[in-house]
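Undergrad: Protein sequence lines correspond, in order, to chains A and B.
Per the UniProt record's numbering, the very first residue in the first sequence carries number 1; after that it's consecutive.
Per the UniProt record's numbering, the very first residue in the second sequence carries number 1; after that it's consecutive.
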Amino acid sequence: MSGTPFAPHTPAETRAMLDEVGAESEADLFDIPDGVGFDGVFDIAPRTEREIRHEVAEMLSRNDDLVEFMGRGHYDHYVPSPVDHLADRSEFLTSYTQYQPEITQGFLQVLFEYQSMLVELTGLGVANCSMYDSATALAEAARLADRVRSASGSTVLVPDSLRDGKRAVLDNYVTGSDLTVAEYPTSEGTADVDALADLADAETVLVYAENPTVRGCIEERLTDIGALADENEALFCLGTDLLALSLLQEPASVGADVVVGSAGALGMPTSYGMGLGIFATREDYLRQVPGRLVGASEDGRGNRAYTLTLQTREQHIRKERATSNICTNQAWVALRTAMHVAHLGPDGMVDLAEDCVRYARDLAHRIDEVGGLQAPVDDRHHFREFVVSTDQPAPAVAGDLAEEGYAVHVVGEHEIQLCVTETNVGAVDGLVAALAEVGP
Amino acid sequence: MTDYDQARWQTGDGRYEPLLSEKDTTRVEIGGAGDGGDESGDDDSPLPDELTRDSLELPALSEPELARHYTRLSQMNYGVESGPYPLGSCTMKYNPSFTEDVAADPNGAVHPDRDDATVEGSLELQYRLQDYLGRIGGMDAVTLQPPAGAAGELTGILIAKAYHEAHGNDRSEVIIPASAHGTNFASAAMAGYDVVELPSGDDGRVDLDALDAAVGEDTAALMLTNPNTVGLFERDIETIAEMVHDAGGLLYYDGANLNALLGRARPGDMGFDIMHYNVHKTFATPHGGGGPGAGPVGVVAELADYLPRPHVRESDAGYELYDPESSIGKLHGFHGNWLVLVKAYAYIARLGDAGLRDASAKAVLNANYLGSQLDYDIPYGPFHHEFAASTGEQDAADVAKRMLDYGVHPPTTKWPEMVPEAMLTEPTEVESRETLDDLARAFNAAAGEDDATLADAPHATTARRIDQVSAARTPRLSWRALDDE
């Protein structure tokens, strides 16, 4: 039998169309030599919609139903209903890159607004309209530093606490350049600025720091790190997320030249790590920015209109001399993120961000009162998350917590990490009780 | 033809739908820590002033205002459910809506750092999709990690590089046909290779003499799209594979045009060692205005140890993540674009063997039928799922703008460069004969118009012709840049 339920051809139409093109059969249309033709089967049985929904639901129901207190670069925030409903409008969901701007003004304006929000949040002059995730955005920042600082040096300095996922992507993205990646020490969850000062030199092209850091600490010496980068004529790249940006020090005010990080912290469900990368930088580097940019212009009526612009940086124009190979990326996720930011508004953003400080502080305080547990391990202000030390081996504690219905990170032999936001704060009592049971 | 008029929301003062920032903004002052920091100021902030920004200014709108804003913007945007979208090489199919519901399953919304043993279902779905893609492409092992086709290319080339380094091969070049996607060139360059561009032969296919001259002991890989970017099957693929392999190089398959071959030929059988799948093209997952996509990479058994980490395998206990022995590392911070992969799984399951095969059959039939109805020169053939028509004396970009007035999205224009004033057209299998006839009328009507009409088009869209030159000359990339004027 035929075939795909999404092709509308009746047998009679197929016959008529074949006659029109002068072919006996569909097979005759394929110009494939005998030696490489395929006449086997994939052994993939077709299923109905209903069967597939049941099949996948049944499969995913085998995931343990745990309350997650997990973060370390990927966060769960409540996504307001209008985001789902408005983003799923088919004109957004089923459109392509805006190669014909006159007929795609809606999406172009959304992306222009997304870029604008990042400019407001970072204080930097330029933001592109999305990257894959925070790891690839950091990697692109290193490559940008290599281009704008090509006259001297090749070292990218990153904290020794950098997530493996980010470090491994960075290592791959610098494979084809003369860049090398080196680590600087961290202390109590933030940069060891004195050690960094000893390491940064004329060879340094990029200094990367995070705020909050991977251990949830608010970095207190961003201005010093920025100054260090500046003294060595390196770029200062700050890793962060949209919600943290709404409360913590403005990147432009601490000397950041590039801001990368996770924009998907807002707008997306947890999604097994699917993300959206931020990329913002100073206007000086505009023509070295990777990825797509939307700009304002005018149309034939004299009205303001939007279009993809500065495409001479991109792979379809400059090929191997492009700033990056990135083309299609995460536009629809950027749409969701912009909608979430717009839904929160400035008051909602700041309130939620302040809650993320209070939730972490309160939970750490409660855990610290349990004998045999210490929290937070790092003597810093925290945002969303913090590290807990336990007398027990951390993997065993995490395993026992999973039995009780909670998922946490293991970050050391006797250290676990917890992340708390508005989505799991209601489960804090249960977590503390479970920890008191299994942690000490 | 449709009498088309796209929605246009207009304020009457030189703007279409205003920006969020023009509707309403609020500046929030931040600071004055009370509970833990300084004693100054209000007692709302939980942090000392030196750790916070001074203020934040963003749009502040009610939910009903936002709902109207985004609804109006959606009405000023064209998607596959608005009409045909025959963008050559982009494969814009109808996206069945049930895949959205499948992907939205809350049990799949797990944190990427969850312990393997607690996410058995997510691992099984990945394993099954790896397996499906392997069968469809004739590949022995597949990674789902790359978050886009171009990311898949970089992954594949890094695998080739790791393979050569492990075998002590010092190879510096990647060969790419001139007509290949620009991402091929950029990906090879990112991996540190010199790109050797291969001219097309007179018949639009790889010129074997040119390949013979290019291939040698410096060749790390040849990147090839098959059918190529004008829809032609590279009939000499067995010879090409032999030439590249004899020189010690690897053969890379760009999956952009895989929709033309489902169930008819497999890259693995043709001699390709590495390939990427554009699941958002071939397996109908929504492109969302330019992503997210996903670019899984398949390899032959000899290269399986180089795949990105982690990888999913079946074990006695169930499914587990592991790090392949000689893994190249990672191409995404976590596991790739999960939601896109779930949609691809659901789509493949919906079609099954017969559906996948029929998708290619109807895609090829539709392209051939549409081509037969056009008053354009189509320089190369016989073609499969897409063809490059030439507008000849007329500017292809202008003809495309005029097509917008007829309510259809035009094809990819002015590419590939081997066809003068190219209209690279790919209708896909989902268009009916009636729609193809409409498309043909739009093509033919636009091609027949005078220069003045073409230069002034489009008229029926939200915006009239947009000044691209001033957009690039005076970049205005945020609402702040507009305020400064």
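Where is the CB? At the ideal position from N, CA and C, for every residue including glycine.
Pick helix, strand or coil for B/F383, following the three-state DSSP scheme.
TA: coil
Undergrad: So is A/F92 in contact with chain B if we call contact Cβ pairs under 7 Å?
TA: Yes, contact with chain B.
Undergrad: I need the straight-line Cα distance from B/D131 to B/T474, nearest angstrom please.
TA: 50 Å
Undergrad: Just the Cα atoms here: how many angstroms apart are B/N95 and B/S122?
TA: 23 Å
Undergrad: Report yes if the CB atom of B/T428 is closer than 7 Å to the CB atom of B/A363, and no otherwise.
TA: yes
Undergrad: Would you kindly work out how many angstroms separate the C-alpha atoms of A/M274 and A/T175, rounded to a whole number?
TA: 24 Å
Undergrad: How would you write the range of the beta strand (DSSP E) that B/L123 sits in, first residue to last?
TA: Counting along the chain, B/L123 falls outside any beta strand (DSSP E), though it belongs to the alpha helix (DSSP H) covering E120 to G137.
Undergrad: Quick check: the Cα distance between B/Y277 and B/T225, rounded to an integer number of angstroms?
TA: 11 Å
Undergrad: Just confirm the distance between the C-beta atoms of A/C129 and A/V333, as a whole number of angstroms; I'd bet it's less than 8 Å.
TA: Not confirmed; about 11 Å, so no contact.
Undergrad: So A/I317 packs on A/P290, CB below 8 Å; how close in whole Å?
TA: So it is not a contact: roughly 14 Å between Cβ atoms.
Undergrad: Tell me, please, whether the CB atom of B/I136 is closer than 7 Å to any CB atom in chain A?
TA: yes
Undergrad: Residues of chain A with CB closer than 8 Å to the CB of B/M270, please, in chain order.
TA: V36
Undergrad: Look up B/D42 in the DSSP assignment and say whether it is helix, strand or coil.
TA: Because B/D42 sits at a pLDDT of 49, beneath the cut-off of 50, its placement in the model cannot be relied upon, and the following sentence gives the value as read from the coordinates. Residue state, collapsed to three classes: coil.
Undergrad: Hey, out of A/G37, A/D76 and A/L60, whose CA is closest to A/T421's CA?
TA: A/D76
Undergrad: Just how far apart, CA to CA, sit B/E431 and B/K93?
TA: Separation of B/E431 and B/K93 (C-alpha to C-alpha, rounded to the nearest whole angstrom) is 9 Å.
Undergrad: May I ask you to report which of helix, strand or coil DSSP gives B/S89?
TA: coil
Undergrad: Is B/W9 close to chain A, meaning its C-beta is less than 7 Å from at least one C-beta of that chain?
TA: no
Undergrad: Per DSSP, B/E57 forms a beta bridge with which residues?
TA: B/R27
Undergrad: State the DSSP-derived secondary structure class of B/T435, mapped to helix, strand or coil.
TA: helix
Undergrad: I'd like to know whether the C-beta of A/E320 is nearer than 7 Å to at least one C-beta of chain B.
TA: yes
Undergrad: Tell me whether B/T282 is buried or exposed, calling it buried when 16 or more other Cβ atoms sit within 10 Å of its Cβ.
TA: buried
Undergrad: Does DSSP classify B/Y193 as helix, strand or coil?
TA: In the displayed model, B/Y193 falls within coil according to three-state DSSP, outside both helix and strand.
Undergrad: At a CB-CB cut-off below 7 Å, which residues of chain B make contact with A/V357?
TA: What A/V357 touches in chain B: P46 and L47.
Undergrad: Distance check for B/A60 and B/A103, CA to CA, integer angstroms please.
TA: As the crow flies, the alpha-carbon of B/A103 is around 31 Å from that of B/A60.
Undergrad: Please report the residue range of the beta strand (DSSP E) in which A/F386 lies.
TA: Bounds of the beta strand (DSSP E) holding A/F386 are E385 to T390.
Undergrad: Where does the unbroken alpha helix (DSSP H) through A/T307 begin, and where does it stop?
TA: Looking at the DSSP string, A/T307 is not in any alpha helix (DSSP H); the run it does join, the beta strand (DSSP E), is R304 to L308.
Undergrad: By how many angstroms is the C-alpha of B/P106 removed from the C-alpha of A/E58?
TA: 12 Å
Undergrad: State buried or exposed for B/Q10, treating a residue as buried only when at least 16 other CB atoms are found within 10 Å of its CB.
TA: exposed
Undergrad: In three-state DSSP terms, what is A/H54?
TA: helix
Undergrad: Have a look at B/D44, B/A457 and B/A317 and flag the residue whose alpha-carbon is nearest the alpha-carbon of B/V28.
TA: B/D44
Undergrad: Counting pairs of Cβ atoms below 8 Å between the region 242–251 of chain A and the region 53–67 of chain B, do you hit three or more?
TA: yes
Undergrad: Pull up the distance between the alpha-carbon of B/M270 and that of B/S372, whole angstroms please.
TA: 30 Å
Undergrad: Of the residues B/G290, B/A166, B/A481 and B/D273, which one's Cα is nearest the Cα of B/E242?
TA: B/D273
Undergrad: Can you confirm whether the region 432–443 of chain B touches the region 256–265 of chain A when touching is taken to mean that 3 or more C-beta pairs between the two stretches lie within less than 8 Å?
TA: no
Undergrad: Since B/S21 meets chain A, which of its residues come closer than 7 Å, beta carbon to beta carbon?
TA: S116
Undergrad: Determine the chain B residues that contact A/D347 at a beta-carbon separation under 8 Å, and present them in chain order.
TA: T26, V28 and A60
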